[in-house]
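Step one of this worksheet: look at the structure below.
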Amino acid sequence: MTLYRDTGVVLRTYKLGEADRIIVLLTAGHGKVRAVAKGVRKTKSRFGGRLEPLCHLSLLMYEGRNLDVVSQVDTIDSPAPLLSDLDRLTQGLAMVEVVDHVAMDREPAPALYRMLVGALRTLGTRPSPVVVPAFYWKVLASEGVQPQLDSCVGCGAAEPDAVLV
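Letter by letter, the sequence shown follows residues 316 to 480 of the working numbering.
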């Protein structure tokens, strides 16, 4: 079992057994990682509420065969500003859900990681109606899927802006 340290954002969690939880993270160096946090659902857990979606963390983990094992967790950014407002919470959860679907297991995606962390920080400090659409646009562009807005998709002829909007 190899020990490694990385930073990551919690994308989602699943219950596992009586006291454990599977954590799905997007990490800076290892891409999307699934890890077990042992005893996290106990009342006296050393992890507390840090392993919840939207948390930006510094982690110490052991590599396992199927799932890694979380050994130590430190909070980098708390999701408290997002949790205090239902609109921000919904937008943040929508962003992590998109990342969960786009990111590949164990494939490093540093640009996607930086975009997610930046978008969550912006959403927490300076909420704006363009944060989430801009994030979606950048994710689509990074995946090679960009909408064509300067001409007709069918024939390629340039159209006036009013027709496209």
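From the three backbone atoms N, C-alpha and C, an ideal C-beta is built for every residue, glycine too.
None of the values given here were measured: they were computed from a predicted structure.
Judged by beta-carbon spacing, Y377 lies beyond the 7 Å limit of M419, meaning their Cβ atoms are not closer than that value.
In this chain, the beta strand (DSSP E) harbouring A352 covers 346–352.
With three or more CB-CB distances shorter than 8 Å, the region 403–423 counts as touching the region 334–354. Q406 carries a helical assignment under DSSP once its states are collapsed to helix, strand and coil. When the five nearest sequence neighbours on each side are left out, the beta carbons in the same chain lying within less than 6 Å of the beta carbon of T342 are those of D321, G323, V348, in order along the chain.
With the rule of 3 Cβ pairs closer than 8 Å, the region 429–437 does not count as touching the region 353–361. Within the DSSP bridge table, the entry for Q387 names L375 as partners. T317 carries a coil assignment under DSSP once its states are collapsed to helix, strand and coil.
Within the same chain, Cβ atoms closer than 6 Å to the Cβ of A334 are found at G354, R356, K357, the five residues on either side in sequence being excluded. Nearest to T328 by C-alpha distance, out of K359, L455, R365, S360, is R365.
In the three-state reduction of the DSSP assignment, L397 falls in the helix class.
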